[in-house]
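S.K.:
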Amino acid sequence: MKKIVDTIIVGAGPAGSQCAYNLSSQGHSVILLDYRENIGNKLCTGIVSSEFENFYPDVSKFIYRKAYSASIFSPSGKLLKIKRNSPQALIIDRESFIREIAFNAEKFDTKLKLGRIVEKIEVDSKFVHIKAKYKGALEEYTSRSLVLASGFGSRLSKMVGLDTPKTKIFGAQIKINFNSIDEVNVFTGHSLPKGFFGWIVPLNDNYSYLGVLGKNNPKEIFEHFCSNLKNRYKELNFFNNVDIWGIPVSPSSKIFSNRVVGIGDVVGQVKPTTGGGIYFSMRSADLASQVLSEGLTSDNLSEEFLSKYQKSWENIFKKELQIGQLARFFYESLSDDEINNIINYLFESGVLDKEISFDWHSELVMYAFKTKILNFVKSPMKKAVQKVIYSLNK
Ligand SMILES: Cc1cc2nc3c(=O)[nH]c(=O)nc-3n(C[C@H](O)[C@H](O)[C@H](O)COP(=O)(O)OP(=O)(O)OC[C@H]3O[C@@H](n4cnc5c(N)ncnc54)[C@H](O)[C@@H]3O)c2cc1C
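Here it is in structure tokens:
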């Protein structure tokens, strides 16, 4: 007879792997399915806050670099530096870190099944039924509950009654053989259209990531950005094809249903400002697995019971993400001249001397909006931002 497990998790990224670890280390049986053979290797730069290490100390084994400073290039080409005495961010080997979480889950009662493409999910009054393809053959799995952690753009969310994120952006990135910088470089404006920013992030040895993030046509914009960068760094050498992947920047309005919870990118648990989702997806996995573990133990996996997950999630993240969305909307509206003026003002006024949390941006965003930065933009934008701030403060 087919074994019925407590939970099937679809997706072994940071969200799904962390959830598998939590649930199985609490005594629940888990099957963790992913179509990748190399889990964790999806397109990502691997920057997390230094605060991340307090929550997930194992990350210390996978740090390429600690970032104490960053160079920001304004559209006019002016270089502005942010420097701190303590590390602000960690640049990590994301793939090895995620793989270790999944392998640690296997030490408990998690069965890791890779190369499985989940194609169909049905939920009835007692069980979750899953059909997956493995090397061309059909496999069937049954569980008491489901964690959907299948990442950006997954069509599985509709099958199980979860809402999909409405707003998305795209990242384009390559790994390059380049060691001329030793801190994160961020580029705004010049060759990049409104709302985009670009980066070079040094890893270890001789490698760096080079990428852009924004709304449309990431491939063309990336290519244009690279040819412009070559004027600055003659030694830049592109030998890889660019990879492109999406990032949801608005959270789903419903992240649970009967026997089901959704975590991570699939339900838009990402910082809208930078598109960073490792920290948020793992923290969300912690919240989801706590509620799910209680539900499994008390045999209450009803929609009503699992709604506790959304409530606890919203208590911590909702306002943060709303303010992040406001900051993104504001940034997308800015012309190069407006960015130049705002960046100059932020540095000269000392606003950026304030302690910055790399993961929690809302405090800095609201603080900045209370300064004179709105004086540098056209008045309809000023009014729109003031209106949103007013409604957020109500
Ligand atoms: C260019 C770029 C740079 C980024 N840089 C950063 C960064 O520096 N820091 C940061 O915090 N975040 C960054 N992010 C975002 C971050 O990568 C994601 O937010 C994070 O990976 C989300 O984790 P997840 O577990 O929800 O989804 P994912 O990591 O996408 O994992 C989902 C998993 O589900 C599997 N899957 C999907 N569908 C199926 C199916 N039908 N059957 C079986 N398996 C399936 C996939 O193979 C995948 O392994 C970046 C994103 C991009 C695009």
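Just so you know, we're using my numbering here: the sequence shown kicks off at 13 and counts up by one.
Just so you know, even glycine gets a beta-carbon here, dropped at the ideal spot from N, CA and C.
Can you grab the Cα-Cα spacing for the pair VAL172 / SER220, in whole Å?
M.R.: Your numbering for residue 172 matches position 160 in the sequence shown. Your numbering for residue 220 matches position 208 in the sequence shown. So the two alpha carbons sit approximately 39 Å from each other.
S.K.: Helix, strand or coil: which one does DSSP assign to THR57?
M.R.: In the sequence shown, the residue the question calls residue 57 occupies position 45. Correct three-state label for THR57: coil.
S.K.: Excluding the five sequence neighbours on either side, which residues of its own chain have a C-beta within less than 7 Å of the C-beta of LEU318, listed in chain order?
M.R.: If you number the sequence shown from 1, residue 318 lands on position 306. The residues are PHE268, VAL273, VAL303, GLY307.
S.K.: Does ligand 1 have even one heavy atom less than 8 Å from the beta-carbon of THR57?
M.R.: Within the sequence shown, residue 57 is the residue found at index 45, counting from 1. Yes, the beta carbon of THR57 sits closer than 8 Å to at least one heavy atom of ligand 1.
S.K.: Do you know offhand how far VAL159's Cα is from GLY148's?
M.R.: Reading the sequence shown from its first residue, position 147 is the one you call residue 159. Reading the sequence shown from its first residue, position 136 is the one you call residue 148. The alpha-carbon atoms of VAL159 and GLY148 are separated by roughly 24 Å.
S.K.: How would you write the range of the alpha helix (DSSP H) that GLN185 sits in, first residue to last?
M.R.: Taking the first residue of the sequence shown as 1, we reach residue 185 at position 173. No alpha helix (DSSP H) contains GLN185, which is instead part of the beta strand (DSSP E) from 180–189.
S.K.: Kindly list the residues whose CB is nearer than 6 Å to the CB of PRO26, restricted to its own chain and excluding five residues on each side of it in sequence; keep chain order.
M.R.: Position 14 of the sequence shown, counted from the start, is the residue given in the question as residue 26. These residues qualify, in order along the chain: ILE110, ILE290, SER293, MET294.
S.K.: Would you decide whether LYS283 is buried or exposed? Buried here means 16 or more other CB atoms lie within 10 Å of its CB.
M.R.: In the sequence shown, the residue the question calls residue 283 occupies position 271. Burial call: buried.
S.K.: Taking DSSP's pairing of strands, which residues face ASN270 in a bridge?
M.R.: On the sequence shown, position 258 is the one that residue 270 refers to. In DSSP, ASN270 forms no bridge with anything.
S.K.: Are the Cβ atoms of VAL130 and VAL22 separated by less than 9 Å?
M.R.: Counted from its first residue, the sequence shown places residue 130 at position 118. Counted from its first residue, the sequence shown places residue 22 at position 10. Their beta carbons are under 9 Å apart, which means VAL130 touches VAL22 by this criterion.
S.K.: Between the Cα of SER301 and the Cα atoms of SER324, GLU316, THR286, GLY280, which residue gives the shortest distance?
M.R.: The residue given as residue 301 occupies position 289 in the sequence shown. Closest option to SER301, judged by alpha-carbon separation, among SER324, GLU316, THR286, GLY280: SER324.
S.K.: Compute the distance between the beta-carbons of HIS373 and ALA396, then report whether it is under 9 Å.
M.R.: Position 361 of the sequence shown, counted from the start, is the residue given in the question as residue 373. Position 384 of the sequence shown, counted from the start, is the residue given in the question as residue 396. Contact flag unset, no.
S.K.: So what does HIS407 bridge to, in DSSP terms?
M.R.: Absent from the structure is residue 407, since the part of the chain shown begins at 13 and ends at 406.
S.K.: Considering ARG77, what are the terminal residues of the beta strand (DSSP E) in which it resides?
M.R.: Here residue 77 corresponds to residue number 65 of the sequence shown, with the count starting at 1. Counting along the chain, the beta strand (DSSP E) containing ARG77 begins and ends at 75–79.
S.K.: Could you check how far apart the C-beta atoms of LEU376 and SER264 are, in whole angstroms? I think they sit under 8 Å.
M.R.: Numbered from its first residue, the sequence shown carries residue 376 at position 364. Numbered from its first residue, the sequence shown carries residue 264 at position 252. Rounded, the Cβ-Cβ distance is 25 Å, inconsistent with contact.
S.K.: With distances taken between CB atoms, is the gap from SER29 to PHE120 smaller than 9 Å?
M.R.: In the sequence shown, counting from the first residue as 1, residue 29 sits at position 17. In the sequence shown, counting from the first residue as 1, residue 120 sits at position 108. Their beta carbons are not under 9 Å apart, which means SER29 does not touch PHE120 by this criterion.
S.K.: Ends of the alpha helix (DSSP H) at ILE335?
M.R.: In the sequence shown, counting from the first residue as 1, residue 335 sits at position 323. Taken as a continuous stretch (DSSP letters only), the alpha helix (DSSP H) holding ILE335 covers 315–344.
S.K.: Hey, VAL224 and VAL213 are a contact pair by Cβ (cut 8 Å); roughly how many whole angstroms apart?
M.R.: By 1-based counting over the sequence shown, the position of residue 224 is 212. By 1-based counting over the sequence shown, the position of residue 213 is 201. Incorrect: roughly 12 Å between the Cβ atoms, too far for contact.
S.K.: Tell me, to the nearest whole angstrom, how far the beta carbon of ILE328 is from that of LEU404; I am working on the premise that it is less than 8 Å.
M.R.: For the purposes of this step, residue 328 is identified with residue 316 of the sequence shown, where counting begins at 1. For the purposes of this step, residue 404 is identified with residue 392 of the sequence shown, where counting begins at 1. No, ILE328 and LEU404 are not in contact; Cβ-Cβ is about 16 Å, not under 8 Å.
S.K.: Hey, out of THR309, ASN240, LYS331, ARG271, whose CA is closest to GLN281's CA?
M.R.: Here residue 281 refers to the residue found at position 269 when the sequence shown is read from its first residue. The shortest Cα separation from GLN281 among THR309, ASN240, LYS331, ARG271 belongs to LYS331.
S.K.: Below 9 Å between beta carbons: does that hold for GLY287 and ILE259?
M.R.: The residue you call residue 287 lines up with position 275 of the sequence shown. The residue you call residue 259 lines up with position 247 of the sequence shown. For the pair GLY287 and ILE259, the CB atoms are nearer than the 9 Å cut-off.
S.K.: Going by the DSSP bridge assignment, what does PHE199 pair with across the sheet?
M.R.: Taking the first residue of the sequence shown as position 1, residue 199 is located at position 187. Partner(s): PHE85, GLY210.
S.K.: Out of GLU151, PHE209, ILE84, point me to the one whose CA is closest to TYR47's CA.
M.R.: Looking up residue 47 in the sequence shown gives position 35. Ranking the options by Cα distance to TYR47, first place goes to GLU151.
S.K.: On a CA-only basis, which of ALA117, LEU204, LYS382, LYS399 is nearest ALA32? Give me that one, please.
M.R.: Within the sequence shown, numbered from 1, the residue matching residue 32 stands at position 20. The option with the nearest alpha carbon to ALA32 is ALA117.
S.K.: Between which two residues does the alpha helix (DSSP H) harbouring PRO110 extend?
M.R.: Taking the first residue of the sequence shown as 1, we reach residue 110 at position 98. Before going further, note that residue 110 is Ile rather than Pro in the sequence given. 106–118 is the span of the alpha helix (DSSP H), which, as asked, contains ILE110.
S.K.: Consult DSSP for SER347 and reduce its assignment to one of helix, strand or coil.
M.R.: Numbered from 1 along the sequence shown, position 335 holds the residue referred to as residue 347. Coil, per DSSP.
S.K.: DSSP three-state call for ILE275: helix, strand or coil?
M.R.: Working through the sequence shown from its first residue, we reach residue 275 at position 263. In the structure shown, ILE275 sits in coil (DSSP, three-state: anything other than H, G, I, E or B).
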